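Peer 1: Residue numbers (my numbering): 1036 to 2100. A single structure is presented below for examination.
Written out as structure tokens, the structure is:
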């Protein structure tokens, strides 16, 4: 018998419909959270958390839409492309009717039509309003720890099978594919103690997909064919970066030391279900028994978020999930054990051959389970002190020695590290090359720091500060993406009582110094697990062992447990000072009588231009600030650009160390490269935003003597980072993109330009960084945008902070540099180089079609074409070996000169990659000619919806306005103009523009390809003519095989013969 009918042995509970559930205590929610919550306990034991979004009720919105004119295109297509129920009433258009019928048929069978573009929703998250999606998560109280001893991997296989489909709808495509077809997404994961399924979809579709997924829990397809297909998918997973990476490799080595009483030991045995020698009948029987035993309603938690009312959600949960069978069998209990890992195996030094090169030192301790201590969170207390970056911290000392660039800890949500049996607390040190050579000394510093903490804490004021910050961040938390929100909540429902479903992760209501000290005392050198993942380290010793799952080599040895304290480090270490950035005033400024729609300039001089806007839309006590420094010194030469990057790396290090307390208190900061300079971004509670700005500007002022603020070792680290080829070797697509930029823009300094710099050049010595920094600040023009719950008076105070920190000459605006765009010649240009990644079998291609100078209408045409291409791509190429992406380029400030990029990745022969890309565009062009007007109008309406999206928070709004302010000609009503122009577009205009841009003799096409490593036909060895005599990588240009394309071998020579359009004023 191919299918074991285990479902019949699990009889659903049959009770009166009026008493099918009871209400539980609703969760405590943030004070600003407008969503409504309800917790249900169904009579079959399932617990459901229902979330009705506090925005406009979907039911009310639909009623309003019914009253609107039916002439509006947006109202015609909802049922059509979500349910496949027709296109509306257009009886006069026979072509439309025929097209509609054929497409509806394809929708209902969920097959992919080869003769139409069709209407669906973009898979690109940026195209649709994430917060307007409905989402659902189901968490089952069973995971890898529950695997039978003889069949590790069974829970993972069941996750795949349940996620695939149900016997109720056996003939349809997989659940995830169906969701993707209609604009949603589906994910699932198996952890140590639970399995989670979570998906999102458009609001109109949530009932449809809830019903479908409930059937997969009730009657999954447990047969040989499905199991065989999912085993193949799991095998593919293991070959991808999801599993095949250093993090997983370290975990597997640690699990290999688990005691037999610890179910984590099963994880180190690999996944036996992918073993071809396993009997299919045995596997099917085990899988059915496992499902029958563990997928019982009383062990399932469910979270749903939508704009539908709670009553509607309750009705759906009762109708679809009440029929999930319940066996009332108790869940398997894993008792806590004193020694979950074998000390003689765990407390070793593992030197591991990396999968992808990194220098990471991980020091871990096995500790008691702390899952039930969620109100005191003792390890979070310790973690906060370990990752501190201020003066006196662990990472600050390691940076001074240039032994490490970063210190982190393992994720507290990892159920394989933190579960009901044990806890694994790991400190991860991201080593520099010098740190690899001083690994033992680095370990000694870490153990010295732990000893320092044992002698210095716990102290209650630190706990109170952590609690205060957590309370503030919880009270003022913003809406999370519904998909991630329901996933986290469904998993939290396993751990906390209903009142704490939301606040459990943020709760610090109990201070327990004894537990903190107990945990710290257990963190000794002689019971630590040390894993070093480094190519430099692993190449110098014999790796005598092989990890059986991923096949990576490693050595296991004893280490000196009697570490002497590093007295220099111990004298340096100190506890952090009280955090000055904790906000107290959360009042909202009143709206002015005349609310300014667009930002205004409130200060302008030769030194500084300041824009300001009081934000009244979001009503939150927060503010944003962007401050740009631009100087002609940046692009004067490649050496200048390298010095500029060194300045940024050093300044960022100094700033982060100075403001780390702010970054733990709800503030955000970044320092990013921009045209001819950098942009400082600050965000957080407006009361303390001025203090944060003052701290940052002090660091900027100090950068004139930046060499005094960083050590020689840190400078060497920055120089190595600035002139690094690792990205080019590991990311061929980035090399492709670099070449596109190098050809199009000038001046621009690529990786290869920087690699040409001699690091021994005296001009790159540390002492010259001060000179460059001073010159950069002297010649910089500043542009600032202050936005949020900030009064004009507060903004003026911020202006004074900026001007007092930077004394610029009055003629600074005379210093200007221009970034220009190369006007490509008519025809096809071809640039092909060899990859630097010898292990990557893929070829990478980017075709850039330049459209020239584009005003608003032409820009709208191109963006609509890109939208249609993405739609077409999602239907035509999802299962082919080639991976495409398309997007408009360049963006924002360069949008007067625009084009379309078509990106391709393929294992096929190199000479076919461009042929196949061209065939894809030709097919699209052909189908574009066939598309009916009515379908085009619906697609256009969908595109307009993406353009009309409202910003969700202050940061998004600030970024949108800043893009205009930072533009050379701000257009604050750009969105309105683009919508007006797009509405006027007709299908014939789109066809003509597409042909002119991509499919005509007058096209301007640039093809850049990175070819995979080739092998010599004689010796079968890799062709590697890529090193200069200095040992630096050199581009190997490859000729085109066709005379139709002009091969580029000298980029600067090409640009010298072309028109360069000025972009800057």
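Using N, Cα and C, we set each Cβ at its ideal position, and we do this for glycine too. Note that the structure is a prediction, hence the values are computed from the model and not measured.
#1: Within the continuous beta strand (DSSP E) that includes residue 1429, where are the two ends?
#2: First and last residue of the alpha helix (DSSP H) that includes residue 2009?
#3: Which residues share a DSSP beta bridge with residue 1236?
#4: Taking the C-alpha atoms as reference points, what is the distance between residue 1921 and residue 1771?
#5: By how many angstroms is the C-alpha of residue 1463 removed from the C-alpha of residue 1397?
#6: Since I believe residue 1196 is in contact with residue 1262 (beta carbons under 8 angstroms), could you give me their beta-carbon distance rounded to a whole number of angstroms?
#7: Grab the span of the beta strand (DSSP E) containing residue 1703 for me, first residue to last.
#8: Counting only runs of 3+ residues fully inside the segment 1801 to 1847, write out the beta strand (DSSP E) ranges in chain order.
#9: CB-CB under 7 angstroms to residue 1348, same chain, minus the five flanking residues each way: which ones, in chain order?
#10: Under a Cβ-count criterion, where at least 16 other Cβ atoms within 10 Å of its own Cβ denotes burial, should residue 1382 be classed as buried or exposed?
#11: Look up residue 2045 in the DSSP assignment and give the residues it is bridged to.
#12: Do residue 1773 and residue 1785 have their CB atoms nearer than 8 angstroms?
#13: Name, in chain order, the residues that DSSP records as bridge partners for residue 1071.
#14: What is the C-beta distance between residue 1778 and residue 1886, in whole angstroms, given that I count them as a contact (C-beta under 8 angstroms)?
#15: Could you pull the start and end residues of the alpha helix (DSSP H) that residue 1517 belongs to?
#16: Assess, as a yes-or-no matter, whether the segment 1732 to 1740 is touched by the segment 1802 to 1815 under the definition of 3 or more beta carbon pairs within less than 8 angstroms.
#17: Alpha carbons only, please: which of 1590, 1651, 2069 is nearest the one belonging to residue 1626?
#18: For chain C, find out if any of its Cβ atoms is closer than 8 angstroms to the Cβ of residue 1519; answer yes or no.
#19: Have a look at the DSSP bridge pairing and note the partners of residue 1920.
#20: Hey, how far is the Cα of residue 1824 from the Cα of residue 1898?
#21: Mapping the DSSP letters down to three states, classify residue 1973 as helix, strand or coil.
#22: Under three-state DSSP, which class holds residue 1401?
#23: Looking only at C-alpha atoms, which of 1472, 1529, 1645 sits nearest to residue 1570?
#24: Which residue's Cα is closest to the Cα of residue 1363: 1952, 1334, 1631, 1317?
#25: Measure the Cβ-Cβ separation of residue 1566 and residue 1830 and say whether it is below 8 angstroms.
#26: First and last residue of the beta strand (DSSP E) that includes residue 1459?
#27: Kindly indicate which residue of 1791, 1939, 1690, 1186 has the alpha-carbon position closest to the one of residue 2043.
#28: Could you check what DSSP says for residue 1933 in three-state terms: helix, strand or coil?
#29: Residue range of the beta strand (DSSP E) that residue 1481 falls in?
#30: Thinking C-alpha only, which one of 1431, 1257, 1753 is nearest residue 1199?
#31: Which term fits residue 1947, buried or exposed, when burial requires 16 or more other beta carbons within 10 angstroms of its beta carbon?
#32: Residue 1698: which of 1669, 1082, 1731 sits nearest, CA to CA?
#33: Is the segment 1489 to 1499 touching the segment 1552 to 1560 in the sense that three or more CB pairs, one from each, lie closer than 8 angstroms?
#34: Within its chain, find whatever has a CB closer than 8 angstroms to the CB of residue 1229; leave out the 5 residues flanking it on each side and keep chain order.
#35: Look at the alpha carbon of residue 2048 and the alpha carbon of residue 1875, and state the distance between them as a whole number of angstroms.
#36: From residue 1433 to residue 1751, what distance separates their C-alpha atoms?
Peer 2: On the basis of the data shown:
#1: What you label residue 1429 is simply residue 394 of the chain shown in a count that begins at 1. Not the beta strand (DSSP E): residue 1429 falls in the alpha helix (DSSP H), residues 1429 to 1435.
#2: Start at 1 with the first residue of the chain shown, and residue 2009 comes out as number 974. It spans 2009 to 2019 - the alpha helix (DSSP H) in which residue 2009 sits, taken as one unbroken run.
#3: Locating residue 1236 in the chain shown gives position 201, counting from the first residue. Per DSSP, 1169.
#4: Locating residue 1921 in the chain shown gives position 886, where the first residue counts as 1. Locating residue 1771 in the chain shown gives position 736, where the first residue counts as 1. If I take the Cα positions, the gap works out to 15 angstroms.
#5: Stepping through the chain shown from its first residue, residue 1397 is reached at position 362. Stepping through the chain shown from its first residue, residue 1463 is reached at position 428. Near 5 angstroms, if we compare the C-alpha coordinates of residue 1463 and residue 1397.
#6: To locate residue 1262, count along the chain shown from 1; it is residue 227. To locate residue 1196, count along the chain shown from 1; it is residue 161. At roughly 6 angstroms, the Cβ-Cβ gap stays under 8 angstroms, so residue 1262 and residue 1196 are in contact.
#7: Walking along the chain shown from the start, residue 1703 turns up at place 668. Counting along the chain, the beta strand (DSSP E) containing residue 1703 begins and ends at 1703 to 1709.
#8: 1816 to 1823
#9: Counting from one through the chain shown, the residue named residue 1348 turns up at place 313. Closer than 7 angstroms at the Cβ level, and outside the excluded window around residue 1348, lie 1085, 1087, 1339, 1341.
#10: On the chain shown, residue 1382 is found 347 positions in, with the first residue counted as 1. Buried is the call here.
#11: The residue given as residue 2045 occupies position 1010 in the chain shown. Residue 2045 is bridged to 1868, 1879.
#12: As a position in the chain shown, residue 1773 is number 738, starting the count at 1. As a position in the chain shown, residue 1785 is number 750, starting the count at 1. Cβ distance < 8 angstroms, so residue 1773 and residue 1785 count as in contact.
#13: By one-based count along the chain shown, residue 1071 stands at place 36. DSSP output for residue 1071 lists 1087 as bridge partner(s).
#14: Position 743 of the chain shown, counting from 1, holds the residue named residue 1778. Position 851 of the chain shown, counting from 1, holds the residue named residue 1886. In fact, because the Cβ distance is near 16 angstroms, the residues do not count as touching under 8 angstroms.
#15: For the purposes of this step, residue 1517 is taken as residue 482 along the chain shown, with counting starting at 1. Unbroken alpha helix (DSSP H) run through residue 1517: 1517 to 1530.
#16: yes
#17: One-based indexing of the chain shown puts residue 1626 at position 591. Nearest of 1590, 1651, 2069 to residue 1626, Cα basis: 1651.
#18: Reference to chain C is not applicable here, since this structure consists of a single protein chain.
#19: Residue 1920 sits at position 885 when you count from the first residue of the chain shown. In the DSSP output, where bridge partners are listed per residue, residue 1920 has 1938.
#20: What you label residue 1824 is simply residue 789 of the chain shown in a count that begins at 1. What you label residue 1898 is simply residue 863 of the chain shown in a count that begins at 1. Near 34 angstroms, if we compare the C-alpha coordinates of residue 1898 and residue 1824.
#21: Reading the chain shown from its first residue, position 938 is the one you call residue 1973. Three-state DSSP puts residue 1973 in a helix.
#22: On the chain shown, residue 1401 is found 366 positions in, with the first residue counted as 1. In this structure, residue 1401 counts as strand in the three-state DSSP scheme.
#23: Counting from 1 along the chain shown, the entry for residue 1570 is found at position 535. For the residues 1472, 1529, 1645, the minimum Cα distance to residue 1570 belongs to 1472.
#24: Position 328 of the chain shown holds residue 1363. It is 1334 whose Cα lies nearest to the Cα of residue 1363.
#25: Residue mapping note: residue 1566 aligns to position 531 of the chain shown, counting from 1. Residue mapping note: residue 1830 aligns to position 795 of the chain shown, counting from 1. Not closer than 8 angstroms, so no.
#26: Here residue 1459 is taken as the residue at index 424 of the chain shown, counted from 1. Residue 1459 -> beta strand (DSSP E) spans 1457 to 1466.
#27: In the chain shown, counting from the first residue as 1, residue 2043 sits at position 1008. Residue 2043 has its Cα closest to that of 1939, out of 1791, 1939, 1690, 1186.
#28: Mapped onto the chain shown, residue 1933 falls at position 898. Note: residue 1933 maps to strand in three-state DSSP.
#29: Locating residue 1481 in the chain shown gives position 446, counting from the first residue. It is not in any beta strand (DSSP E) - residue 1481 instead sits in the alpha helix (DSSP H) that spans 1474 to 1491.
#30: In the chain shown, residue 1199 corresponds to position 164, counting from 1. If we check each option's Cα against that of residue 1199, 1257 comes out closest.
#31: Your numbering for residue 1947 matches position 912 in the chain shown. It counts as exposed.
#32: By one-based count along the chain shown, residue 1698 stands at place 663. Answer by Cα proximity: 1731.
#33: yes
#34: Position 194 of the chain shown, counted from the first residue, corresponds to residue 1229. Counting only Cβ-Cβ distances below 8 angstroms, and skipping sequence neighbours, we find 1174, 1175, 1176, 1177, 1178, 1450, 1526, 1529.
#35: By 1-based counting over the chain shown, the position of residue 2048 is 1013. By 1-based counting over the chain shown, the position of residue 1875 is 840. So the alpha carbons of these two residues sit roughly 8 angstroms apart.
#36: Counting from 1 along the chain shown, the entry for residue 1433 is found at position 398. Counting from 1 along the chain shown, the entry for residue 1751 is found at position 716. Taking the straight line from one Cα to the other gives about 14 angstroms.
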